[in-house]
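I have placed the structure first, in the form of structure tokens, so that the comments after it can refer back to it.
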Amino acid sequence: THPKDVIKLKKACQYSTDAQIAAGFTHLEALTNERASSILSGLDNDKAKQYHNRAMHVYKVKWGATAKYNRMLENAESAKLENFHFWNAPDFEIRFSHENGNSSSTVLNNSGTA
37 THPKDVIKLK KACQYSTDAQ IAAGFTHLEA LTNERASSIL SGLDNDKAKQ
87 YHNRAMHVYK VKWGATAKYN RMLENAESAK LENFHFWNAP DFEIRFSHEN
137 GNSSSTVLNN SGTA
């Protein structure tokens with residue numbers, strides 16, 4: 037993929053997510069972030085992870101779609117992802133961990149306590 041194409045893809049993903057936020061469509065905001073993560077995976081992994089993190093946050097915290105959030109946790113487990121941040125915001129963060137076959141997520145407030 038040509039670098040200019042990657043820049044265009046990144047701009048399109050940003051525009052799409054911004055549009056959903058501005059419109060107030062929480063469910064589409066989550067879906068758009070998840071799709072942007074998929075599109076940018078392999079092209080810009082840091083940016084893809086940011087979109088994935090935002091999707092996780094929107095699904096669980098803003099939309100309340102815990103079944104979707106839990107399915108994404110299971111997918112992360114099957115990908116053997118261990119002890120990583122999903123979302124870090126000024127007032128909270130969501131962490132995922134996988135140990136001994138058990139996965140869990142933790143929402144921490146800004147002081148680092150659950």
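For reference, each letter of the sequence shown is one residue, going 37 to 150 in our numbering.
Here a beta-carbon is modelled for each residue, glycine too, at the ideal position from N, C-alpha and C.
Closest by C-alpha distance to residue i, when choosing among the options
i: residue 63; options: 109, 111, 104; result: 104
i: residue 50; options: 106, 102, 90; result: 90
i: residue 73; options: 38, 47, 102, 101; result: 47
Alpha carbon of residue i to alpha carbon of residue j, nearest angstrom
i: residue 53; j: residue 99; result: 15 Å
i: residue 81; j: residue 42; result: 12 Å
i: residue 57; j: residue 94; result: 11 Å
i: residue 61; j: residue 40; result: 30 Å
i: residue 101; j: residue 92; result: 10 Å
i: residue 97; j: residue 55; result: 19 Å
i: residue 106; j: residue 38; result: 35 Å
i: residue 71; j: residue 59; result: 18 Å
Integer Cβ distance of residue i from residue j, believed to fall under 8 Å
i: residue 84; j: residue 76; result: 4 Å
i: residue 79; j: residue 109; result: Wrong, their Cβ atoms sit about 24 Å apart, outside the cutoff.
i: residue 87; j: residue 69; result: 5 Å
7 Å Cβ cutoff, residue i in contact with chain D
i: residue 69; result: Among the chains in the structure shown there is no chain D, since it carries only a single protein chain.
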